[in-house]
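Asker: When you line the sequence shown up against full-length UniProt numbering, it's residues 1 to 273, in that order. Cβ coordinates follow ideal geometry from the N, Cα and C atoms, glycine included.
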Amino acid sequence: MSPTRWGPPIDVLPYFSKEEQSLMTLLGALTEEDWERPTMCAGWTVKDIAAHLLGDKAGRLSRSRDGHTAEAPRPGESFARFIDRINEEWVVACRRLSTDVLLTMMYELMGQTTEHWAKLDLDADGEPVSWAGDGPAPRWLDAARDYSEFWVHHVQIREALEHTPLEAEYAEPIADTFVRALPHTLRAVEARVGKQVGYTVTGAGKWHARRERDGWVLDRGAPPSRTPLATVTTDLDTFWRLCTRSAADVGRVRTTGDENVCAQVLTMTSIIV
């Protein structure tokens with residue numbers, strides 16, 4: 001299969017249910033004080049992030065499985081602002097719920113997302129993944145986007161609780177998902193056909209983008225060229241924080257090659273902002 005801007009498929013289905021079970025085990029043991037702990041999401045508590053996760057899962061099932069047409073951006077409202085607004089509206093509304101009611105609703109939906117994705121042809125086109133490029137994206141990337149968001153919010157909850165880190169096995173597809181934003185990030189970088197840019201996430205994998213006539217494409221593995229245009233290397237913890245615009249230790253990032261291209265690579269964002 002020839003490389004595309006999306007890169008080779010990712011299979012996240014084996015991770016969904018296990019991550020959900022881990023999350024619900026954690027949430028089910030919280031005290032009322034735990035629910036009210038602040039998180040790295042400004043203004044949101046642990047309960048607010050849990051409510052946001054509920055909204056994400058309910059919205060996915062309503063929209064993709066049930067064909068329900070919900071709100072659209074207001075006139076003049078950007079898509080990113082629209083997403084921020086409806087997320088905040090949902091979280092504020094859920095503050096009326098007790099933690100027991102919130103948990104009951106979450107238990108009811110757990111597993112349904114996995115079942116939904118498992119019934120689909122994941123190689124077919126699905127919803128756009130805006131941070132990876134314009135237009136419809138393959139469903140496997142849409143599913144991976146879903147999983148990566150659930151994972152990030154799960155990690156944020158654990159950090160707010162000063163709890164043990166999320167099991168390392170659940171992080172396996174995270175770097176492979178977030179790096180799919182690399183060709184889109186490089187879209188304005190002019191380079192000769194064949195030039196390559198590498199990204200290594202230590203312990204998680206290596207990828208490279210290659211310039212083609214129609215734009216950049218992505219593939220796994222280190223750049224085949226001995227002299228890539230630029231390379232970036234960091235660890236997984238720093239990588240996901242960079243990609244989600246969270247506080248990250250940039251001192252743990254190593255770069256080689258064209259400084260301007262490296263700087264552009266480090267703007268890569270794998271969430272809607």
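Looking at G205: is its Cβ nearer than 8 Å to the Cβ of L229?
Answerer: No. Outside cutoff.
Asker: Considering only residues of the segment 77 to 137, which uninterrupted beta strand (DSSP E) runs meet the minimum length of 3 residues and lie entirely inside it, listed in chain order?
Answerer: Counting whole runs of 3 or more residues, the segment 77 to 137 contains the beta strand (DSSP E) stretches 125 to 128.
Asker: Roughly how many whole angstroms lie between the Cα atoms of residue 279 and S17?
Answerer: Residue 279 lies beyond the range of the chain shown here (1 to 273); nothing can be said about it.
Asker: May I ask you to verify whether the segment 179 to 197 touches the segment 258 to 271, counting CB pairs closer than 8 Å and requiring at least 3?
Answerer: Verdict: yes, contact present.
Asker: Considering only the alpha carbon of each residue, which of V261, E20, E149 and T234 lies closest to E108?
Answerer: Ranking V261, E20, E149 and T234 by Cα distance to E108 puts E20 first.
Asker: Compare the beta carbon distance of residue 274 and V217 with 8 Å and say whether it is the shorter of the two.
Answerer: Residue 274 lies beyond the range of the chain shown here (1 to 273); nothing can be said about it.
Asker: Does chain C have any CB closer than 8 Å to the CB of T31?
Answerer: Structure shown: chain C not included; a single protein chain is present.
Asker: Does the distance from the C-beta atom of W117 to that of A80 stay below 8 Å?
Answerer: Not a contact, by the Cβ cut-off of 8 Å.
Asker: Give every residue of the same chain whose Cβ lies closer than 7 Å to the Cβ of Y15, excluding the five residues on either side of it in the sequence, and list them in chain order.
Answerer: Contacts found: Y147, Y170 and P173.
Asker: Which class does residue 276 belong to by DSSP, given the choice of helix, strand or coil?
Answerer: Residue 276 lies beyond the stretch modelled for the chain, which goes from 1 to 273, so this question has no answer here.
Asker: Is it the case that the Cβ atoms of V193 and E162 are separated by a distance below 8 Å?
Answerer: No.
Asker: Where are the beta strand (DSSP E) runs, 3 residues long or more, that stay fully inside the segment 150 to 220, in chain order?
Answerer: Qualifying beta strand (DSSP E) stretches, in chain order: 196 to 202, 205 to 212 and 215 to 220.
Asker: Three or more C-beta pairs under 8 Å: does that hold for the segment 57 to 64 against the segment 110 to 129?
Answerer: Judged by Cβ distances under 8 Å, the segment 57 to 64 makes contact with the segment 110 to 129, as three or more pairs qualify.
Asker: For A168 versus M106, is the C-beta distance shorter than 8 Å?
Answerer: No. Outside cutoff.
Asker: Name the one or two DSSP bridge partners that D56 has.
Answerer: D56 is not bridged to any residue.
Asker: For F239 and A175, which I take to be in contact (beta-carbon distance under 8 Å), what is that distance rounded to the nearest angstrom?
Answerer: So it is a contact: roughly 6 Å between Cβ atoms.
Asker: Could you have a look at G28 and say whether DSSP puts it in helix, strand or coil?
Answerer: DSSP places G28 in helix when its eight states are reduced to three.
Asker: State the Cα-Cα distance for the pair E32 and K47, rounded to the nearest angstrom.
Answerer: Each residue's alpha carbon lies about 9 Å from the other.
Asker: How big is the Cα-Cα spacing for D100 and R63?
Answerer: Computed Cα separation, rounded: 26 Å.
Asker: Between which two residues does the alpha helix (DSSP H) carrying V261 extend?
Answerer: Residues E259 to V265.
Asker: So the candidates are C94, Y199, Q156 and A93; which of them puts its Cα closest to the Cα of V261?
Answerer: For V261, the nearest C-alpha among the options comes from Y199.
Asker: Give the C-beta separation of V155 and L166 to the nearest angstrom, bearing in mind that I take them to be a contact with Cβ-Cβ under 8 Å.
Answerer: 5 Å between Cβ atoms; contact.
Asker: Hey, could you find the ends of the beta strand (DSSP E) A230 is sitting in?
Answerer: Segment A230 to D235, the beta strand (DSSP E) holding A230.
Asker: Excluding five sequence neighbours on each side, which residues of the same chain lie with their C-beta closer than 7 Å to the C-beta of E71?
Answerer: If we look at E71 and ignore the five residues flanking it on each side, its Cβ neighbours are I86.
Asker: Name, in chain order, the residues that DSSP records as bridge partners for T255.
Answerer: T255 is bridged to V232.
Asker: Write down the C-beta distance between C243 and F178 rounded to the nearest angstrom, noting that I regard them as a contact closer than 8 Å.
Answerer: Rounded, the Cβ-Cβ distance is 4 Å, consistent with contact.
Asker: Looking only at C-alpha atoms, which of R254, A93 and R145 sits nearest to P9?
Answerer: Residue R145 is the option with its Cα nearest to P9.
Asker: I need the straight-line Cα distance from R95 to G251, nearest angstrom please.
Answerer: Straight-line Cα distance between these residues: approximately 38 Å.
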